[in-house]
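Chains as they are written, first to last, in UniProt numbering: chain G, 1 to 462; chain S, 1 to 462; chain U, 1 to 462; chain Y, 1 to 462.
Think of the CB as a built atom: it goes at the ideal place given N, C-alpha and C, for glycine as much as any other residue.
Every value quoted in this text rests on a predicted model; they were computed, and no experiment measured them.
Down below is the structure, laid out as structure tokens.
4 protein chains.
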Amino acid sequence: MRFEGEKATDIRIAYIGGGSKGWAWGLMSDLAAEPKLSGTVKLYDIDYQAAANNAAIGNRLNGREDVSARWTYEAAGSLQAALTGADFVIISILPGTFAEMESDVHLPEEYGIYQTVGDTVGPGGLMRALRTIPMYVEIAEGIERFAPDAWVINFTNPMTLCVRTLYEVFPKIKAIGCCHEVFGTQNLLVDMLKDLKGLEGIARRDIQVNVLGINHFTWIDQASCRGMDLIPLYREFAEKYGEIGFEREPGRWAESPFRSANRIHFDLFKRYHVIAAAGDRHLAEFMPGTWYLKDPETIRSWKIGITPVSLRVQKGENLLRRSERLTNGEEEFPLKKTGEDTVSILKALVGLESLVTNVNMPNAGQIGGIPAGAVVETNASFRADSVRPVQAGELSPDIHALVLRHVMNQETVLRAALTRDKRLALAAFLNDPLVTIAPGEAEALFHRMLNHTRAYLPGWEL
Amino acid sequence: MRFEGEKATDIRIAYIGGGSKGWAWGLMSDLAAEPKLSGTVKLYDIDYQAAANNAAIGNRLNGREDVSARWTYEAAGSLQAALTGADFVIISILPGTFAEMESDVHLPEEYGIYQTVGDTVGPGGLMRALRTIPMYVEIAEGIERFAPDAWVINFTNPMTLCVRTLYEVFPKIKAIGCCHEVFGTQNLLVDMLKDLKGLEGIARRDIQVNVLGINHFTWIDQASCRGMDLIPLYREFAEKYGEIGFEREPGRWAESPFRSANRIHFDLFKRYHVIAAAGDRHLAEFMPGTWYLKDPETIRSWKIGITPVSLRVQKGENLLRRSERLTNGEEEFPLKKTGEDTVSILKALVGLESLVTNVNMPNAGQIGGIPAGAVVETNASFRADSVRPVQAGELSPDIHALVLRHVMNQETVLRAALTRDKRLALAAFLNDPLVTIAPGEAEALFHRMLNHTRAYLPGWEL
Amino acid sequence: MRFEGEKATDIRIAYIGGGSKGWAWGLMSDLAAEPKLSGTVKLYDIDYQAAANNAAIGNRLNGREDVSARWTYEAAGSLQAALTGADFVIISILPGTFAEMESDVHLPEEYGIYQTVGDTVGPGGLMRALRTIPMYVEIAEGIERFAPDAWVINFTNPMTLCVRTLYEVFPKIKAIGCCHEVFGTQNLLVDMLKDLKGLEGIARRDIQVNVLGINHFTWIDQASCRGMDLIPLYREFAEKYGEIGFEREPGRWAESPFRSANRIHFDLFKRYHVIAAAGDRHLAEFMPGTWYLKDPETIRSWKIGITPVSLRVQKGENLLRRSERLTNGEEEFPLKKTGEDTVSILKALVGLESLVTNVNMPNAGQIGGIPAGAVVETNASFRADSVRPVQAGELSPDIHALVLRHVMNQETVLRAALTRDKRLALAAFLNDPLVTIAPGEAEALFHRMLNHTRAYLPGWEL
Amino acid sequence: MRFEGEKATDIRIAYIGGGSKGWAWGLMSDLAAEPKLSGTVKLYDIDYQAAANNAAIGNRLNGREDVSARWTYEAAGSLQAALTGADFVIISILPGTFAEMESDVHLPEEYGIYQTVGDTVGPGGLMRALRTIPMYVEIAEGIERFAPDAWVINFTNPMTLCVRTLYEVFPKIKAIGCCHEVFGTQNLLVDMLKDLKGLEGIARRDIQVNVLGINHFTWIDQASCRGMDLIPLYREFAEKYGEIGFEREPGRWAESPFRSANRIHFDLFKRYHVIAAAGDRHLAEFMPGTWYLKDPETIRSWKIGITPVSLRVQKGENLLRRSERLTNGEEEFPLKKTGEDTVSILKALVGLESLVTNVNMPNAGQIGGIPAGAVVETNASFRADSVRPVQAGELSPDIHALVLRHVMNQETVLRAALTRDKRLALAAFLNDPLVTIAPGEAEALFHRMLNHTRAYLPGWEL
């Protein structure tokens with residue numbers, strides 16, 4: 001990386017999971033719009049062809065009039081090739097295939113356990129973690145060997161355990177985990193100001209929030225906009241829309257299982273007096289199974305839906321076809337800002353700007369009462385070669401209890417995965433709030449699910 | 001208190017709950033058998049007559065041939081009168097009456113929530129805590145004012161929150177909580193050595209254990225006897241008796257709801273590889289409601305029973321009649337060692353001996369990963385005017401998760417009780433592992449129970 | 001305080017020490033230049049006339065063409081009058097008079113102990129602290145009573161113990177301590193970039209630094225400008241100027257005892273490999289007396305001088321005369337930006353902007369290895385109604401040792417002052433690095449100094 | 001190790017430094033007197049002949065009428081041979097020779113720095129640490145490889161850094177450091193009870209103390225005997241003998257530089273109100289050089305003397321001749337109890353008894369305010385295969401400041417030794433309280449001393 005005037009050039013990015021048709025395309029779009037950065041992105045993927053296609057798509061951007069920056073994309077033949085010389089490592093992988101995800105999300109339904117997403121906590125999140133952790137062990141070892149000074153940005157779920165594994169394996173890693181769920185809640189607060197106060201033109205970044213918790217189960221205990229305290233307003237908002245829900249376009253939740261009407265947001269506020277800062281589909285999975293996900297009717301009553309893996313499969317097929325068209329030029333790649341902070345973060349880390357935003361990092365005191373080293377989500381100050389968490393304070397004991405339960409489960413899962421300890425993994429499974437069935441049944445489910453993901457559990461005695 | 005040669009004389013004990021017919025009689029018995037201690041016990045009780053009867057019973061002991069020490073018993077007319085001048089304060093009260101206990105234990109059964117004891121955690125333990133904490137606020141304020149240098153020994157349940165409240169109100173208090181549940185597990189290990197190894201004549205105190213956890217949910221991760229590691233032996237023991245259970249006299253569990261066959265002990269060991277150190281009836285209440293207390297059949301299959309409050313009422317009536325006979329001399333008070341450590345503790349605190357035993361105190365690092373100030377149970381070193389916890393290490397993350405959930409609930413209950421915050425109390429209620437029903441039903445139960453105990457909730461908005 | 005569009009109006013500031021002719025005038029100047037803020041400043045001073053004069057000076061600004069904001073200044077007759085209704089409290093007092101300062105700074109010289117400033121640590125700083133702490137107890141009690149929600153900004157020295165006392169007395173206070181010494185080092189780095197790299201036009205705020213330590217003994221372990229790592233450059237700079245020193249205008253240090261040539265900066269870097277971030281005159285006082293302040297020759301060889309109190313007296317007299325001229329309009333108040341962050345901080349706290357800058361606050365984990373609650377200096381994130389420290393990491397053990405020695409002395413001084421414990425104060429005195437004389441002599445000095453400041457030690461047995 | 005009835009047999013001890021003529025002979029004596037233990041001691045020494053002689057001396061004991069236990073002594077040809085199979089490892093080595101010790105203790109005298117012992121802190125202790133740490137790295141690696149489950153007992157000085165290095169290299173080591181200095185203070189309290197109260201027959205172990213600090217700079221803030229609070233008595237004692245000193249046999253201090261008259265004990269109590277618990281010769285070295293060790297006259301006035309290395313050389317030669325006589329049977333080995341706790345500790349660790357005594361271990365919370373991992377001295381509870389520190393509380397801030405300064409220096413020395421960093425070692429050297437000379441001179445002394453010990457600093461750039 002070099003500085004030329006006020007531009008940083010020759011930035012080298014390794015993209016692990018570089019065949020991705022979601023995050024990778026988004027990054028290309030965002031990089032293309034940022035005139036102050038340029039360099040090379042090495043795309044590494046276990047599906048080399050997918051990476052090569054993305055390289056072709058990315059390189060087609062150069063020369064386009066609407067593109068402000070020159071980036072070279074290369075498919076890398078190995079993790080080592082991608083990492084060597086990298087200033088930044090971006091990780092966004094699909095751990096396993098849709099077949100395992102099918103088991104993660106839908107098998108528990110046979111036992112009366114319903115999951116809206118199934119990639120973070122709950123039976124599905126736990127299984128996904130067990131197969132992801134060994135992959136992240138390998139990635140962390142690669143980074144330690146080939147790019148120890150690089151900044152690493154993770155987007156893969158389960159976010160907490162991915163980042164946690166990176167630090168466990170290579171404690172001096174400079175890694176962060178980035179997630180847009182908090183942004184969604186900031187946007188909800190923007191909508192609230194319009195709805196309640198008629199204020200227009202407020203941007204997400206105008207909403208200052210104090211963030212604390214763990215990924216997808218983050219909380220906001222202080223929020224303001226132009227000096228206005230938003231907590232009392234949110235109380236009013238939650239009362240107004242608690243029953244019917246709030247959407248920018250009412251009714252849309254029913255059209256897509258990726259949407260919601262924020263009813264769980266409002267219910268949690270009513271109960272805990274603090275704003276939950278993730279989408280309803282994620283939040284629901286952190287609470288006891290009897291609450292929001294008891295059965296399909298209950299789920300529907302909360303105006304959310306289960307995201308069926310079949311839908312993901314279908315979306316994947318569409319994206320594959322689109323990738324082919326983009327690769328061979330049949331379709332032009334559309335530039336569209338993602339709303340993610342990635343490019344801002346890159347700019348801050350190279351020294352072009354200063355930024356405070358939320359991030360997942362090991363707890364070093366930024367949240368009180370959470371064990372040191374557990375990965376938590378809070379704001380951090382981003383500057384040249386530096387990400388320093390901002391002290392977020394402490395959750396009130398009722399919420400702390402809910403968060404800590406997951407933190408401890410995650411620590412248990414990590415240790416189970418690293419030591420290949422089935423007993424320990426089962427203990428975490430049984431302690432998950434969604435697992436409200438009798439231990440014998442739960443044990444049977446656990447073994448069936450584990451068996452489905454066994455291809456990704458090398459060295460386990462199954 | 002004075003020393004005369006190797007005896008400590010003129011010891012002044014304030015006994016709060018001095019009308020008690022259980023613990024108070026036990027203490028009289030144990031004091032009578034200890035030749036090195038003598039002094040005065042001031043019995044204070046909201047039922048003055050009960051205290052006066054006990055004073056009469058205690059004073060009758062003086063002069064008896066089988067009694068080794070002279071103690072004077074006096075009924076005190078007020079807390080202040082009892083506390084003033086005290087070297088020791090012993091607290092053993094019944095918070096409320098059997099009417100509230102009836103609601104605590106049995107009302108949740110209407111909602112499918114079963115409790116074996118109902119005085120520590122679960123819906124019953126929580127309600128009991130809410131009405132006990134204000135009483136302990138008053139006691140703590142009294143101690144701060146009238147006996148700030150006294151050592152305070154608590155026996156009342158919920159143990160953890162009683163001790164926690166004392167320290168919250170008067171942080172410099174010298175208070176400990178004593179409980180015999182760990183002793184029961186030590187005795188089980190004695191029985192094990194006889195059963196598996198044919199060893200006879202081993203005493204409870206020969207079993208060295210490392211204790212860590214919270215009261216009634218304590219764990220032993222290191223146990224030895226004469227250099228023998230007892231953990232592998234216990235594995236064998238748990239396998240041998242896991243299904244059928246183990247009792248000194250097989251089958252007795254079915255005769256009394258105060259007994260058990262240790263099946264839950266064995267099941268927890270199988271799952272967590274560490275010895276749970278409380279009776280099965282207590283342990284069951286700390287685990288999810290779907291495990292051991294799902295319904296009466298499940299409970300019976302684990303060879304434990306629910307302790308009906310009607311039985312306590314009946315026992316209470318018997319004790320009352322017996323108290324009358326003892327008071328007026330119709331029946332002679334029988335001396336019988338309780339097996340409690342109280343007298344050993346008194347001897348250590350006055351400087352007559354040195355002792356290491358388990359005790360409940362605020363965490364100051366004796367257990368890793370538990371918030372500072374939360375009351376935990378570990379070993380401590382007892383010496384003259386000094387109780388210093390021994391570092392017990394850290395629980396493995398799977399067990400830690402279980403314990404921490406209750407710790408956080410207890411912190412929530414404490415704050416709810418001190419600030420009279422119904423919302424907060426409900427949050428803790430919903431997070432209790434026994435509450436596996438839907439939140440709406442749980443909320444209804446909560447309000448009914450709270451209403452039943454309202455006489456003991458001064459200042460609450462109900 | 002209210003928002004009108006993008007302006008915050010009706011801000012109420014209580015200024016304790018409002019008769020000040022330095023900081024108060026600077027604040028007037030800075031407020032006058034900021035169009036987005038307006039309101040009222042209540043000036044409170046034990047010298048009422050001084051406050052009244054300043055009010056007159058301040059109010060004369062209104063209507064002037066070069067003034068962008070309307071502020072009303074009022075002299076307050078009591079602390080209560082000043083505090084009531086305040087959104088902000090600014091504290092900048094002179095604790096005692098120049099007579100006590102004369103003793104603080106110069107009496108130790110009779111014993112061979114030399115101090116360049118004498119207001120932070122060393123014999124002088126300690127005495128100053130003993131008389132300042134009772135004043136801050138009173139101020140803290142006033143804030144708790146009359147302005148508990150106000151943000152409090154302290155400028156008085158000894159900074160650390162002033163802020164520490166505020167939190168000790170009123171733990172929920174929202175107080176920070178602001179100091180410009182770090183800015184001076186940022187400016188030195190600006191000069192360095194010009195000197196070594198020929199870079200022009202760089203502003204202080206372009207220099208991103210990680211700050212950690214205690215006030216006047218702060219350290220910078222990471223510094224960058226536009227992505228450039230400044231630490232290796234500083235090594236080069238320290239080698240180039242280590243012997244001769246560096247000044248913008250060479251030789252100026254000899255003209256004023258408020259200046260230096262940064263030789264101590266360079267020497268400390270050579271020894272510790274981290275940049276000390278305060279002026280040489282302050283830094284010298286934190287190191288052993290044998291190092292930089294051994295005797296007048298040694299002091300001069302480091303190109304610094306002792307600031308004689310007589311000079312302060314003379315400056316004070318000049319300011320007094322000037323104050324009269326300004327009050328009665330003989331002289332026009334000159335607007336001049338101070339370079340302080342105060343107005344930026346006010347803007348951030350009302351919600352007008354977001355800021356990361358250095359500040360003194362109780363340690364809640366922002367620096368590792370420093371006791372919780374001790375006041376430390378690090379960066380913090382400033383936002384609406386929120387100042388949250390940024391995690392600064394940990395000092396290397398050699399520097400940590402130096403800092404911790406002062407931290408512990410300061411904790412000792414605090415306790416000595418609060419409990420009026422002469423023995424404890426002496427223990428801290430003897431442990432100060434500048435006190436390298438024999439304990440008997442040091443004790444004699446201590447008692448003489450204490451006697452000189454006795455008028456400000458109510459309740460002490462002297 | 002096996003149990004036969006109430007005896008532990010076949011205990012295997014590895015003795016590193018097994019050619020020792022002090023500690024090794026003492027251990028032989030103590031083992032010979034303990035009927036419940038028997039086994040094998042493997043003596044390893046870099047001087048093989050010395051170990052072989054000791055083996056011969058030890059084996060001659062078997063069969064003697066006054067010997068109660070059978071122990072076999074063997075000289076081991078390598079560290080591996082000694083460690084393999086060991087249940088216990090005892091380490092008591094002389095790091096380097098008297099030549100380096102001569103430089104450690106006496107070279108600083110040329111610069112006006114006097115040391116009474118020179119093996120713990122001060123210039124001599126620091127140099128000794130630098131050459132000892134690499135030896136302990138090797139020992140720790142050997143233990144990790146060949147005896148990872150053994151209990152390790154260290155007697156070598158500098159105690160703190162020896163134990164600290166063992167844990168740094170092999171964090172799971174089960175190591176403790178044992179020192180008798182606290183026993184000396186307990187004996188002083190026994191003498192005090194006789195002197196002030198006429199009490200006879202009190203044993204050292206009857207004096208219950210709470211111990212906290214670091215080795216040779218340990219403090220007792222609570223002391224009792226049979227319920228009597230000894231702190232007020234000690235105040236009286238310190239006043240009575242503060243000026244003239246106290247000895248069992250008055251005047252003996254002048255006869256031997258290993259003795260003292262406790263004047264520094266009394267002076268420290270007067271200043272800090274807590275009992276210092278090490279010999280005066282050690283305590284003096286932890287305080288500033290201007291206090292007790294300013295010059296030979298000052299030293300003599302405190303009724304202590306410098307221990308000249310020439311005296312150690314002469315004692316060594318006498319012991320060598322004696323060793324020869326003992327080896328070939330010319331002289332019979334005299335049994336004499338040492339007063340050390342080693343055999344009691346062995347008995348507790350094998351499970352024969354329970355013990356609470358003082359020990360050096362990494363801080364895991366037993367002392368508040370000291371960094372985790374730093375080696376501290378407190379009481380611990382010794383049981384079968386378990387040493388658990390007892391919580392000792394926190395030192396008052398004035399004493400804490402003194403202790404922490406050494407703790408931080410020791411952490412600096414450790415890191416300097418492990419990374420062979422001369423700059424860091426110098427920083428610690430300059431921060432030692434005995435180094436009160438100008439930094440330039442101190443630097444010259446440092447380099448000369450370092451040069452003298454260079455043979456033991458492999459890999460350093462000197």
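Helix, strand or coil at residue i according to DSSP, with G and I counted as helix
i, result
"Arg128 (chain S)", "helix"
"Asp221 (chain U)", "strand"
"Glu141 (chain S)", "helix"
"Ala428 (chain S)", "helix"
"Tyr15 (chain S)", "strand"
Within chain G, the residues that residue i reaches when beta carbons sit closer than 8 angstroms
i, result
"Phe3 (chain U)", "Arg226, Gly227 and Met228"
Proximity test, Cβ basis, 7 angstroms: residue i and chain Y
i, result
"Gly369 (chain U)", "yes"
Beta-carbon spacing of residue i, residue j below 7 angstroms
i, j, result
"Gly245 (chain Y)", "Arg263 (chain Y)", "yes"
"Ser103 (chain Y)", "Leu335 (chain Y)", "no"
"Ser224 (chain G)", "Ala384 (chain U)", "yes"
"Arg281 (chain U)", "Thr116 (chain U)", "yes"
"Glu411 (chain U)", "Ile214 (chain U)", "no"
is_contact[residue i, chain U] using C-beta, thresh 7 angstroms
i, result
"Lys24 (chain G)", "The residue you asked about is not Lys; residue 24 (chain G) is Ala in the sequence shown. Output row for Ala24 (chain G): interface = no."
"Ala444 (chain G)", "no"
"Arg300 (chain Y)", "no"
"Ala32 (chain G)", "no"
Interface partners of residue i on chain G, CB under 7 angstroms
i, result
"Met408 (chain S)", "Pro397, His400, Ala401 and Leu404"
Neighbour list for residue i in chain G, Cβ cutoff strictly below 9 angstroms
i, result
"Asn379 (chain U)", "Ser381 and Arg388"
Beta carbon proximity, residue i to chain S, threshold 7 angstroms
i, result
"Val163 (chain Y)", "no"
"Gly351 (chain Y)", "yes"
Neighbour flag for residue i against chain G, beta carbons, 7 angstroms
i, result
"Gly198 (chain U)", "no"
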